[in-house]
Amino acid sequence: MKENLTRWLYQAMGFQNGLAKTQRIESISKATKPNKTEPKEDSKPDHMDISADVKYISWLKEHPSALSSFQEMMDAAKGKWVVVFLDYDGTLSPIVNDPERAFMSDLMRSAVGDVAKLYPTAIISGRSRQKVYGFVKLDDVFYAGSHGMDIMGPAIQASSYDGKYQSRALDKQGNELTVFQPAQDFLPSIEKMLNELEETTSEINGALVEDNRFCISVHYRHVLQEDFGLLEKKVQALVAKYPGFHLTRGKKVIEIRPSIKWNKGDALLYLLETLGFTDSSDVLPIYIGDDKTDEDAFKVLKCRGQGYPIIVSSNPKDTLASYSLRDPSEVLSFLVQLARWGELM
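All residue numbers for the sequence shown refer to UniProt numbering, where the first residue is 1 and numbers rise by one.
Below, the structure written as structure tokens:
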């Protein structure tokens, strides 16, 4: 009965083509490992699921599916230079229990590669640039790690940015690129903090400290609820000793970042400048991401009045995005369509 009611709601609202099936396997998207203190998802009564479906359908009115809206979006892109920006975790790969195993599928890698052959493409992630490259393994893509604080981009140096933090580099094919690292001065402190964190959090089962070069991620997905308060206090106490840093929050992660005015939105602007699109009215950036940190990039596109910010979420949430995709499987479908569209232009 619930399934029939949900299907009727989707059809009544006109979303039957843009929505995935409600009876889907969640391992493809936001996989979590419940601990003993958390209720199991299947314990929720059906009426709660139906209520969530209705809220999601209402949210879709403001953030329509980028799949069902694809043709409309691309009609406005004709005659413009498309530039593609992608988050990694939760966008190109599912959220997993072990961050070291956030592998993208071969199909996703192929789709990103096809897109990169047609349009300038960059991956902007909170991970270190080297880690993201290790997952993606594509040389036709630009990479921005540590929330954009470590960018390997086009060879042209951006005149609007401090040359002190820009240097030349060569990729594996010998092509010249520019590396931009606006948080270089913080590296000595980050190394000290890493050592202290690994020591002070070692007694908390499930806590994982990840070195993302210019920021530090403290994962607590496997930490018991009763231990989270202690972990949070330890992280806060450490950051208090380093006034040049601050905390941000993500999905089951606390991040320590240098206190500079730099985020994924700034990284997007930097890459657009090095690509020659600073003041261009003929550029159409597409940014796809799933986390709070991606909202900074969405904000930039909104302020520029150009491009398409797309949120990846199967639940309604506050966002500046104009369009939505449910999960990485829909991101894959969108990228495949984008590559096919580009080949026909």
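Note that CB positions come from ideal geometry on N, CA and C, so glycine has one too. Please read these numbers as outputs of a predicted model, since none were measured by experiment.
In terms of CA proximity to Trp-81, Gly-307 leads the group Gly-307, Arg-340, Leu-325. Under the DSSP assignment, Ile-286 falls in the beta strand (DSSP E) whose first and last residues are 283-289. For the beta strand (DSSP E) assignment, the uninterrupted runs of no fewer than 3 residues enclosed by the stretch 236-287 are, from N- to C-terminal side, 245-250, 253-258. Ranked by Cα distance from Pro-182, the first of Lys-264, Lys-131, Lys-172 is Lys-264. The alpha-carbon of Lys-117 is positioned some 34 Å away from that of Lys-252. The residue among Val-283, Cys-215, Leu-272, Leu-230 with its C-alpha nearest the C-alpha of Gly-250 is Cys-215.
According to the DSSP secondary-structure assignment, Arg-168 is paired through a beta bridge with Thr-178. Note on geometry: alpha-carbon atoms of Leu-170 and Thr-178 lie some 8 Å from one another.
In the DSSP assignment, Met-149 falls outside any alpha helix (DSSP H) and carries neither an H nor an E. The beta carbon of Gly-244 sits closer than 7 Å to the beta carbons of Phe-186, Ser-189, Pro-258, Ser-259 from its chain, once the five residues preceding and following it are set aside; these are given in chain order. Here Thr-200 carries a helix assignment [DSSP, helix/strand/coil]. Here Pro-64 carries a coil assignment [DSSP, helix/strand/coil]. Judged by beta-carbon spacing, Val-132 lies beyond the 7 Å limit of Gly-113, meaning their Cβ atoms are not closer than that value. Spanning the alpha carbons of Ser-159 and Lys-292 requires a straight line of approximately 29 Å. Beta-carbon to beta-carbon, Leu-230 and Ile-256 are separated by about 17 Å, too far to satisfy the 8 Å threshold. Nearest in C-alpha terms to Thr-91, of all of Met-108, Ser-128, Val-235, is Met-108. Scanning the stretch 76-117 from its first residue to its last, the whole beta strand (DSSP E) runs of 3-plus residues come out as 81-86. Secondary-structure assignment with DSSP links Glu-210 through a beta bridge to Ser-217. Ranked by Cα distance from Glu-176, the options Ser-110, Ala-155, Tyr-161 are led by Ala-155. CA-to-CA, the gap between Val-136 and Met-104 works out to about 7 Å.
Between Leu-284 and Ala-122, the beta carbon gap of about 15 Å keeps them out of contact (Cβ cut-off 8 Å).
Judged by DSSP secondary structure, Val-312 falls within the beta strand (DSSP E) whose first and last residues are 308-312. DSSP places Tyr-323 inside the beta strand (DSSP E), whose first and last residues are 323-325.
Ala-158 carries a coil assignment under DSSP once its states are collapsed to helix, strand and coil.
Residue environment analysis places Gly-305 among the exposed positions, since fewer than 16 neighbouring C-beta atoms fall within 10 angstroms of its C-beta. In this structure, Val-223 and Leu-197 do not form a Cβ contact; the two beta carbons are roughly 14 Å apart against a cut-off of 8 Å. Our two residues, Trp-262 and Asp-150, have alpha carbons roughly 11 Å apart in a direct line. In the structure shown, Ala-183 adopts coil according to DSSP, grouped into three states. Around the CB of Gly-148, 16 or more other CB atoms lie within 10 Å, so the residue is classed as buried. A distance below 8 Å between beta-carbons, with the five flanking residues on each side excluded, links Asn-315 to the following residues of its chain, in chain order: Ala-52, Tyr-56.
By alpha-carbon distance to Ser-281, the top candidate from Asp-266, Asp-294, Leu-301, Asp-296 is Leu-301. Leu-344 counts as exposed, since fewer than 16 other beta carbons sit within 10 angstroms of its beta carbon.
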